[in-house]
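Chemist: Going down the list, the sequences are from chains G and X. At the far end of the first sequence sits residue 264, using the working numbering, and the numbering has no gaps. At the far end of the second sequence sits residue 257, using the working numbering, and the numbering has no gaps. Every residue gets a Cβ at the ideal spot worked out from N, C-alpha and C, and that includes glycine. On a predicted model such as this, the values are computed, not experimentally measured, just so you know. Here's a structure for you.
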Amino acid sequence: MHIFGVIITGIGALFLFIGSLGVFRMPDVYNRVQAGTKCTTLGSFLTIIGVGIMQPEWFWKTLIIVVFVLISNPVSSHALGRASRKSGISLCDKSIVDKTKEFKGYQE
Amino acid sequence: MRKLFVILLLLIIAGGITLSLKEIPFGIPKTKIGDHFINKGVEETGSVNIVTSVVVGYRGFDTLGEITVLFAATIGLGAVIGTFRKNSVNREVEAASLIVYTGCRFLFPVILLVGTYIFIHGHLTPGGGFQGGAIIASAFLLMYLGCSNKRIKENLSKTVEMIGGLTFIAVGIIGLAIGQDFLFNFLPKGEPAELLSAGIIPIVYIAIGLKVGSELAGIIDNLIQKS
């Protein structure tokens with residue numbers, strides 16, 4: 157059980173590393189938000205659940221933390237991305253599709 | 031020239047701090063009272079968290095003063111902001127998107143749960159009434175930012191605040207009434223490190239948590255409604 161938890165925590169740490177690499181390497185705000193959100197959501201999910209598996213008496217507390225992260229992380233990233241699009245930060249040159257032009261309220 | 035002057039000034043300040051702190055030995059307790067709290071705190075108050083045993087046990091009267099200061103600050107803020115009401119600018123704020131709205135409504139009870147946990151376990155784990163109250167107020171702040179149509183009920187928040195303050199003072203006066211000091215720990219101390227232990231400390235911390243939470247929520251309400 158302990159080794160299982162260690163493996164899960166390790167995979168989570170790997171995802172967190174990939175996420176930080178994405179934030180560092182991606183060209184514009186939206187790609188960075190995406191890298192930061194996807195990888196840190198899964199990464200922190202696996203890391204925290206892994207700790208809960210290693211210490212079974214903490215499992216329910218870690219479950220509550222995970223639920224919190226699972227809801228708050230995508231929602232806050234959505235708000236960040238939407239706000240930066242609304243305030244007119246442009247996409248990077250290589251992007252080919254911009255769906256926000258179909259909606260009202262997005263300037264450019 | 032100016033940079034040189036700044037660097038010189040910083041060097042003088044750094045030298046002064048170093049010289050004044052050089053003689054003070056670090057890590058050696060100056061007073062005996064710290065040792066007393068660490069060695070006898072659990073035994074005397076029943077609270078495993080030594081910070082809590084000091085804040086609510088040994089200097090509970092100061093804590094009453096602290097929450098009174100917070101109360102006065104809330105009243106003062108309400109009075110100051112109330113005078114600006116006439117020439118306030120009504121800014122057009124776009125409502126948050128549906129995702130944020132729903133997410134805030136999901137997260138609100140979770141944050142309340144965390145805050146309540148922190149002030150109920152104030153005598154066992156780090157944290158306590160002030161910290162838990164601040165977390166509860168942050169839940170209300172999230173609600174105000176995400177769901178612009180929701181408001182706290184002012185009467186309910188005032189009532190909760192009043193109950194918190196009254197509980198604190200009543201617990202203190204019961205200590206006086208049975209012939210001991212103000213805020214005397216008259217309840218059984220129980221086993222250390224259990225939820226029902228440390229006598230009156232959990233009761234006082236729950237009262238502080240409710241009071242601080244509703245007060246800070248009231249501050250947020252004032253600032254958002256009237257600015």
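In or out: His158 (chain G) buried (at least 16 other Cβ within 10 Å) or exposed?
Modeler: exposed
Chemist: Using a C-beta cutoff of 8 angstroms, does Ile231 (chain X) count as contacting chain B?
Modeler: In the displayed structure, chain B is absent; the protein chains listed are G and X.
Chemist: Any beta-carbon of chain G closer than 8 angstroms to the one on Leu41 (chain X)?
Modeler: no
Chemist: For Thr218 (chain G), which option in X:Gly229, X:Leu213, X:Leu246 and X:Val144 has the closest C-alpha, if you only look at C-alpha atoms?
Modeler: Selected option, being the one with the closest Cα: X:Val144.
Chemist: Return the chain-ordered list of same chain residues with a C-beta closer than 7 angstroms to the C-beta of Thr193 (chain G), the five sequence neighbours on each side being excluded.
Modeler: Asn229, Pro230 and Ser233
Chemist: Among the residues of its own chain, which have a CB less than 6 angstroms from the CB of Leu213 (chain X), if the five just before and after it don't count?
Modeler: Gly90, Gly202 and Gly205
Chemist: At which residues does the alpha helix (DSSP H) containing His151 (chain X) begin and terminate?
Modeler: Here His151 (chain X) belongs to no alpha helix (DSSP H), and DSSP marks it neither H nor E.
Chemist: Taking all protein chains shown into account, do 16 or more other C-beta atoms lie within 10 angstroms of the C-beta of Lys255 (chain G), making it buried, or fewer, making it exposed?
Modeler: exposed
Chemist: Would you mind giving the Cβ-Cβ distance between Thr197 (chain G) and Leu172 (chain G), rounded to the nearest angstrom? I have them listed as a contact below 8 angstroms.
Modeler: Not a contact, Cβ separation roughly 10 angstroms.
Chemist: What did DSSP end up calling Leu225 (chain X) once you bin it into helix, strand or coil?
Modeler: coil
Chemist: Does the ligand MG have a heavy atom nearer than 7 angstroms to the CB of Phe160 (chain X)?
Modeler: For the ligand MG, the structure offers nothing, since it holds no ligand at all.
Chemist: Less than 6 angstroms between C-beta atoms, sequence neighbours within five positions excluded: which residues of the same chain meet that for Ser77 (chain X)?
Modeler: Ser83, His153, Ala228 and Ile231
Chemist: In chain X, what lies closer than 7 angstroms to Val222 (chain G) by C-beta?
Modeler: Chain X residues near Val222 (chain G): none, gap ~11 angstroms exceeds 7 angstroms.
Chemist: For Ala126 (chain X), tell me which candidate among G:Val207, G:Gln211, G:Ile164 and G:Ala239 has the shortest Cα-Cα distance.
Modeler: G:Ala239
Chemist: Can you look up Ile208 (chain X) in the DSSP assignment and give me helix, strand or coil?
Modeler: coil
Chemist: Kindly indicate which three-state DSSP category Asp65 (chain X) falls into: helix, strand or coil?
Modeler: helix
Chemist: Just the Cα atoms here: how many angstroms apart are Ile238 (chain X) and Val225 (chain G)?
Modeler: 28 angstroms
Chemist: List the residues of chain G that Ser227 (chain X) touches, going by C-beta distances under 8 angstroms, in chain order.
Modeler: What Ser227 (chain X) touches in chain G: nothing, since even the nearest Cβ is about 19 angstroms away.
Chemist: From what residue to what residue does the alpha helix (DSSP H) around Asn229 (chain G) run?
Modeler: Phe215 to Lys242
Chemist: Checking contacts by CB at 8 angstroms: is His158 (chain G) closer than that to chain X?
Modeler: no
Chemist: So Gly163 (chain X) packs on Leu38 (chain X), CB below 8 angstroms; how close in whole Å?
Modeler: Incorrect: roughly 46 angstroms between the Cβ atoms, too far for contact.
Chemist: What does Phe136 (chain X) reach in chain G if we use C-beta pairs closer than 8 angstroms?
Modeler: Those within 8 angstroms of Phe136 (chain X) in chain G are Ile227.
Chemist: Using a Cβ cut-off of 9 angstroms, pull out every chain G residue sitting near Val140 (chain X), in sequence order please.
Modeler: Ile220, Val223, Phe224, Ile227 and Ser228
Chemist: Within a Cβ cutoff of 7 angstroms, which residues of the same chain sit near Ile205 (chain G), ignoring the five residues on either side of it in sequence?
Modeler: Ile164, Thr218 and Val222
Chemist: Indicate the three-state DSSP secondary structure (helix, strand or coil) for Phe136 (chain X) in the structure shown.
Modeler: helix
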